[in-house]
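**Q** Sharing a structure with you now.
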Amino acid sequence: MKISASFNLDLRHLRTLQALRESGSLVDAAARLHLTQSALSHQIKELEQRLSCSLFVRKSKPLRFTPAGLRLLALSDQVLPQVQLALRDVQSLVAGDTGRLFLAIECHSCFQWLMPTLDAFREHWPAIEVDIPSGHHFDPLLALKRQALDLVITADPQPLDGLLYVPLFHYESLLAVSRKHPLAQKAWVMPQDLQEETLIAYPVEQERLDVFRHFLHPAKVQPLHVRTAEQTVIMMQLVASGRGVCALPNWALTEYLHRDYVAGLRLGEQGTWCTLYAAIHQDTLHLPFMQAFLETARTCSNQVLEGVAIADANQPIPAQQLPNTENRLLDPTRL
């Protein structure tokens with residue numbers, strides 16, 4: 001007889017067969033499953049009727065399974081462990097003990113503090129898969145919105161639905177110049193001081209660079225030339241040799257200033273202070289490992305970086321509540 005297409009084999013059927021094999025009798029199997037003997041007998045009889053075959057030989061001691069029963073036992077050995085494993089995984093995901101953390105970095109200088117942060121995080125959350133995948137460099141925030149990424153380090157938050165921005169720390173953007181440069185005698189510069197300069201910058205859009213977004217463009221000033229370099233160390237070599245000037249976060253310049261390799265000047269009399277954010281998707285904020293990473297990032301940056309100010313541990317900022325670009329600069333007297 002053909003088995004009905006609507007017939008469903010339940011997990012309880014597979015557990016029953018395993019209990020029969022492990023106990024060797026109907027009475028002991030019923031006790032193991034917390035069923036009465038009659039209830040277990042009825043369940044087996046119903047299953048055999050729907051399958052149109054016997055699953056074990058009655059009155060055999062020890063209990064012997066038919067070929068059909070052995071086949072379903074083999075299925076139970078495959079399926080039930082996978083079910084248990086999946087349930088444990090789901091439990092861990094709900095508890096936040098496992099998961100993934102795929103990051104992207106819009107800040108070229110961030111590896112200096114990000115690596116210690118990742119090391120500290122992995123020590124306490126070894127089951128979390130952490131990676132910095134390639135392929136999202138040009139639009140990581142959109143990738144975060146699609147949840148192809150889980151976190152983006154950025155100083156340029158965008159008002160994208162579903163995203164939250166967690167302030168990590170505040171930093172000052174400084175101008176690096178050769179120690180022989182005429183500007184090196186100044187404590188701070190005005191936008192007009194850069195009109196005749198070659199500005200060395202990372203190869204990204206000008207609006208994503210603090211020096212343009214918060215210093216030059218508001219004053220409607222453009223440097224004479226813009227030259228790009230991929231790495232901070234190359235930028236410093238170019239600056240030290242008098243081939244241009246560059247603006248970087250204060251922490252990225254610290255070692256070069258301590259060595260008197262270049263001179264560092266404030267952008268404006270009060271300085272230009274910005275905020276670095278961790279952008280996350282609103283659906284992941286509640287995860288314990290995400291909360292742990294954010295706290296670890298704040299703590300490590302304060303320990304590793306010189307000259308930064310840890311942001312207040314306020315609630316994350318929804319994308320729709322971001323201040324306008326012009327209003328994102330910090331008043332240094334509040335730090």
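Counted from 1, the sequence shown has number 115 at position 115 by the UniProt record's numbering; the numbering is strictly sequential. Each residue gets a CB set at the ideal place from its N, CA and C atoms; glycine is no exception.
Answer with buried or exposed for Lys-45, where buried requires no fewer than 16 other C-beta atoms within 10 angstroms of its C-beta.
**A** Exposed, since its Cβ has fewer than 16 Cβ neighbours within 10 Å.
**Q** My output table needs one value for Trp-188: the three-state DSSP class, helix, strand or coil.
**A** Trp-188 falls in the strand class under three-state DSSP.
**Q** Who does Ala-263 pair with in a DSSP beta bridge?
**A** In DSSP, Ala-263 forms a bridge with Val-177.
**Q** Under a three-way DSSP split, which group does Ile-317 fall into?
**A** Of the three classes helix, strand and coil, the one that applies to Ile-317 here is strand, per DSSP.
**Q** Mind the definition here: the segment 186 to 195 touches the segment 206 to 222 only if three or more C-beta pairs lie below 8 angstroms; say whether that holds.
**A** Yes, they touch.
**Q** Which residues does DSSP list as the beta-bridge partners of Gly-162?
**A** According to DSSP, Gly-162 bridges with nothing at all.
**Q** Helix, strand or coil, according to DSSP, for Asp-139 in the structure here?
**A** Coil.
**Q** Can you list, in chain order, the residues of its chain with a C-beta nearer than 7 angstroms to that of Gly-24? Leave out the 5 residues immediately preceding and following it.
**A** Hits under 7 angstroms: Pro-62 and Leu-63.
**Q** Which term fits Asn-250, buried or exposed, when burial requires 16 or more other beta carbons within 10 angstroms of its beta carbon?
**A** So Asn-250 ends up on the buried side.
**Q** Hey, Leu-209 and Leu-265: beta-carbon distance below 8 angstroms or not?
**A** Cβ atoms of Leu-209 and Leu-265: not closer than 8 angstroms.
**Q** In angstroms, rounded to a whole number, what distance separates the CA positions of Thr-154 and Phe-169?
**A** Using only the alpha carbons, I get a separation of about 11 angstroms.
**Q** State yes or no: is the C-beta of Leu-55 within less than 8 angstroms of the C-beta of Glu-48?
**A** Contact flag set, yes.
**Q** Do Ala-292 and Val-151 count as a contact pair if the criterion is CB distance below 8 angstroms?
**A** For the sequence presented, residue 151 should be read as Leu rather than Val. In this structure, Ala-292 does not lie closer than 8 angstroms to Leu-151 by Cβ.
**Q** Taking 8 angstroms as the limit between beta carbons, can you name the residues of its chain near Ser-109, skipping five residues before and five after?
**A** Counting only Cβ-Cβ distances below 8 angstroms, and skipping sequence neighbours, we find Thr-232, Leu-248, Pro-249, Trp-251 and Ala-252.
**Q** Once DSSP output is grouped into helix, strand and coil, what is the label at Gly-24?
**A** DSSP places Gly-24 in coil when its eight states are reduced to three.
**Q** Candidates Ile-234, Gly-307 and Pro-167: which alpha carbon is nearest Pro-318's?
**A** If we check each option's Cα against that of Pro-318, Pro-167 comes out closest.
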